[in-house]
Each structure stands twice: as structure tokens, then as C-alpha cells.
Amino acid sequence: MVSWLTEELVENGHDVTLFASGDSRTASRLVPCCRRSLRTDPECRDYLAHHIALIERVAQAAARFDIIHFHIDYLHFPFSRNENLCQITTLHGRLDLPDLVPVYREFADMPVVSISRAQRKPLPWINWVGNVQHGLPRKLLSLDRGPGRYLAFLGRISPEKRPDRAIEIAVRAGIPLKIAAKVDRADAEYFEKEIVHLLDNPLVEFIGEISDAEKQAFLGGALACLMPIDWPEPFGINMIEAMACGTPTIAFRNGSVPEIITDGLDGFVVDNMEEAVEAVARIADISRADCRQTFEERFTSARMAADYVQVYEAQLSGPSCVQELPSDVASNDPSFASQ
658 MVSWLTEELV ENGHDVTLFA SGDSRTASRL VPCCRRSLRT DPECRDYLAH HIALIERVAQ
718 AAARFDIIHF HIDYLHFPFS RNENLCQITT LHGRLDLPDL VPVYREFADM PVVSISRAQR
778 KPLPWINWVG NVQHGLPRKL LSLDRGPGRY LAFLGRISPE KRPDRAIEIA VRAGIPLKIA
838 AKVDRADAEY FEKEIVHLLD NPLVEFIGEI SDAEKQAFLG GALACLMPID WPEPFGINMI
898 EAMACGTPTI AFRNGSVPEI ITDGLDGFVV DNMEEAVEAV ARIADISRAD CRQTFEERFT
958 SARMAADYVQ VYEAQLSGPS CVQELPSDVA SNDPSFASQ
């Protein structure tokens with residue numbers, strides 16, 4: 658999301674500096690804060706250390722920017738408050754964890770952006786300054802008119818994503834299931850104990866993690882995407898990736914699902930396993946062209962970037978951001994930092 662937002666802002670003529678890993682590919686000005694992507698670096702043992710160094714790099718350059726857009730949750734809050742930065746933070750994760758309450762009570766003044774209305778429910782009292790749903794580049798994925806030959810599960814293997822439910826739905830419906838999902842270190846034990854034995858079913862094929870380039874064939878060739886989640890999903894990018902391919906999604910009514918899927922138009926929102934299996938039988942009622950149309954109207958990165966620019970402009974006109982800039986950094990053109 659940070660990459661797609663950054664590139665869209667640059668495409669629209671904004672001056673953007675990206676604080677990210679050294680292997681990032683971007684049209685913006687890149688400030689490398691580590692050698693390579695931390696998740697893919699086998700030598701990385703302490704993510705936090707790299708983020709602390711990143712915050713210091715931002716601090717050293719802060720005077721250059723009109724506004725700074727953080728994507729690292731609350732790590733920067735003490736620095737941003739002490740320096741009175743003009744900034745916003747997009748919160749990408751779940752907020753229903755009790756451990757989060759003390760930090761957000763202490764920093765209730767920090768301007769934050771949600772990625773769905775459902776994400777806000779545990780902490781409705783913090784300083785929400787916008788709600789911006791995710792978006793994908795329009796040309797990243799394209800309409801596949803289908804009708805599709807299998808069910809697809811895309812994302813990660815974890816208890817809250819419920820790949821076991823996806824397998825059960827496919828088996829009960831008698832339709833093959835392809836699982837394209839990563840297994841993070843934190844979920845390796847769950848995968849071995851709860852999922853591996855379910856993969857012996859001849860209807861189930863485990864592919865593993867796939868790249869963006871592979872998603873077109875994977876999602877485009879699917880009859881439907883399954884999202885049988887058992888947690889308050891803040892957004893669920895796989896739903897709009899499937900939508901971009903014209904593939905409807907069958908999703909459980911949790912978190913952001915009802916905000917993204919319009920039941921009966923671009924998929925089905927279900928409440929239990931019986932409804933999910935029934936939805937598979939009704940999937941032909943969904944127009945794949947309508948799914949793609951919904952994506953183009955609601956979930957492109959161009960729309961996402963335009964929404965964020967509105968949030969930036971609102972913040973820039975607020976009291977926390979109205980201040981005289983040093984003459985050597987004053988500019989008529991907005992400069993954004995994202996990290």
C-alpha cells in the first residue's frame with residue numbers, strides 16, 4: 658500500500674521522499690533505512706532496531722517536509738509530539754488488543770487514519786482525521802471473464818484467517834481449492850499442527866506464497882475467492898485483488914468485509930459454514946464484469962491517493978501544521994514524506 662500510494666502521488670506531481678528498505682523500487686526520492694526488506698532478510702532478528710534507526714533518519718530530515726505520513730503504528734508518537742510535527746499515521750492493524758489502550762490514551766492527540774470504519778470500533782475516541790480504504794493500480798490486474806475452475810484462498814496461513822474453513826467449504830462443495838499463502842515464523846507451529854494434515858485431500862493444492870505477478874493467473878482463474886476469516890479484519894486486500902480480476906469473494910461477516918463486499922453484487926457475505934457452501938453454488942449469479950466495475954469505481958490507487966491528499970490538505974490547514982517554515986525549506990509545492 659505504501660508503495661502504490663507513493664508512486665501515485667509522484668505520478669500526480671507531488672514531491673515525495675520515501676523512507677524504506679534499500680531494495681525498494683520507487684520513482685520518489687528514496688532514503689534507504691536498511692539493506693533489504695526486513696521480512697525477507699534471513700539475517701534480521703530485531704525489526705524494532707531498524708525502525709528506531711528509521712525514525713531518527715526522519716527526524717534529521719523533518720524540516721524539509723510540509724507533512725509526514727507514517728505507516729509504523731505508534732512507534733513515532735513520542736518523537737512527533739515532542740517535535741510538534743505536521744504528520745498523520747495510517748493504522749494498518751487490528752485495534753482490539755487491550756495492550757493498545759494505554760498508549761492511545763496517552764497519545765490521544767495524534768492524528769490517525771483508519772482503513773475501514775470497522776477498524777475504529779475498539780478505539781472510537783482517538784483522533785481520527787480520515788478513513789481511506791486501500792486501492793490498487795488500475796492496470797495491476799485485469800478482468801478475467803472466467804468462469805473459473807477452482808476456489809482460491811490467498812493471504813497467509815494463520816488461525817484468524819481460517820484456512821481450515823476454506824478447505825472444509827471446498828470439500829463440502831466438491832470443488833478444488835488452491836491455497837496461495839505464506840507461512841510466517843509466528844504461524845509455523847499452527848501450520849504444522851492444524852493445517853498440514855488437511856492438505857492430503859485430493860481437492861486441495863497448497864502453492865505457498867506468490868508474487869503480485871502471479872496473482873493475475875491465480876485469482877483470474879478462480880471461480881471465487883474464499884475469505885472465511887475469524888477476526889476483525891481491518892481491510893483485506895485480497896478481496897479487492899480478486900475484484901480487480903472479476904472474481905467474486907465469499908467472505909464471513911467480520912471486520913471490514915461488509916464495507917468492501919456488496920452482498921449479491923461482487924460476492925457474498927455469509928455468517929456460517931452452511932451459508933458459505935450455499936454461496937459457492939450461487940456464485941454464477943455474480944457478474945464478473947460487475948466485480949471489475951466495482952473495483953474501478955471504488956478501489957484504485959488513484960482514488961486512494963486523492964483521498965490522502967484531501968487528508969494532507971486538511972491537516973496542513975489545521976493549527977498543528979500552520980507554522981512558519983525556515984527560508985531554506987519554504988516552498989509553494991507540497992512535499993510529503995512517507996514511511
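Numbering (my numbering), first residue to last: 658 to 996.
For every residue, glycine included, the Cβ atom is placed at its ideal position computed from N, Cα and C.
Quick caveat: nothing in here was measured; it's all calculated off a predicted structure.
Exercise for the section: Name the one or two DSSP bridge partners that I907 has. Expected result: L883, F925
Exercise for the section: Answer yes or no: the CB of G921 versus the heavy atoms of the ligand NAP, is any distance below 8 angstroms? Expected result: As presented, the structure is devoid of all ligands, the ligand NAP included, so that no description of it is given.
Problem - Entirely enclosed alpha helix (DSSP H) segments - the region 911-977, minimum 4 residues - result: Listed in chain order, the complete alpha helix (DSSP H) runs (minimum 4 residues) inside the region 911-977 are 914-917, 930-938, 945-955, 958-973.
Exercise for the section: Would you tell me roughly how many angstroms separate the C-alpha atoms of N929 and N858, rounded to the nearest one? Expected result: 22 angstroms
Practice task
State the Cα-Cα distance for the pair R806 and P833, rounded to the nearest angstrom.
Solution key: 8 angstroms
Handout entry: Proximal residues to L711 (C-beta, below 8 angstroms), its chain only, five neighbours per side dropped
Key = F676, C690, C691, I729, Q996
Problem - At least three beta-carbon pairs within less than 8 angstroms, the region 811-828 to the region 844-858 - result: yes
Practice task
Grab the span of the alpha helix (DSSP H) containing E763 for me, first residue to last.
Solution key: 757-763
Exercise for the section: Give the secondary structure of V853 by DSSP, where H, G and I count as helix, E and B as strand, and everything else as coil. Expected result: helix
Problem - Segment limits, alpha helix (DSSP H) that includes H707 - result: 704-718
Exercise for the section: Any chance you could list the beta strand (DSSP E) runs of at least 3 consecutive residues sitting entirely within the region 727-805, in chain order? Expected result: 744-747, 769-771, 785-788
Problem - Exposure of D990, with buried meaning 16 or more beta-carbon neighbours within 10 Å - result: Low local confidence applies: a pLDDT of 49 at D990 is under 50, so the model's placement there is unreliable, and no value is given.
Handout entry: Closest residue to P999 among C743, D753, K778, R774 (Cα-Cα distance)
Key = Nothing about residue 999 can be reported from this structure: the residues present for the chain run from 658 to 996 only.
Exercise for the section: Note down, in chain order, each residue of its chain lying with its Cβ closer than 7 angstroms to the Cβ of R693, except the 5 sequence neighbours on either side. Expected result: Hits under 7 angstroms: S678, G679, D680.
Handout entry: Local conformation of K839 per DSSP, three classes
Key = strand
Practice task
To the nearest angstrom, report how far apart L662 and A837 are at their CA atoms.
Solution key: Cα to Cα, the separation comes out at about 25 angstroms.
Problem - Stretch-stretch touch, CB-based, cutoff 8 angstroms, three pairs: the region 868-882 with the region 898-916 - result: With the cut-off at 8 angstroms, the region 868-882 and the region 898-916 touch.
Practice task
Would you kindly check if the distance between the Cβ of G792 and the Cβ of Y771 is under 9 angstroms?
Solution key: Reading the sequence as shown, one finds Ser at residue 771 and not Tyr. Not closer than 9 angstroms, so no.
Handout entry: Where T665 sits in the DSSP three-state scheme
Key = For the record, residue 665 in the displayed sequence is Glu; it is not Thr. E665 falls in the helix class under three-state DSSP.
Exercise for the section: Note the first and the last residue of the continuous alpha helix (DSSP H) segment covering E676. Expected result: Reading the sequence as shown, one finds Phe at residue 676 and not Glu. Run containing F676: none in the alpha helix (DSSP H); it sits in the beta strand (DSSP E), 672-677.
Practice task
Out of A830, R762, A775, point me to the one whose CA is closest to R939's CA.
Solution key: A830
Exercise for the section: Give every residue of the same chain whose Cβ lies closer than 6 angstroms to the Cβ of T904, excluding the five residues on either side of it in the sequence, and list them in chain order. Expected result: Correct list, in chain order: L876, A879, C882.
Problem - Three-state class that DSSP yields for R686 in the structure shown - result: strand
Handout entry: Local conformation of R829 per DSSP, three classes
Key = helix
Problem - Beta-carbon proximity check, G924 vs A908, cutoff 9 angstroms - result: yes
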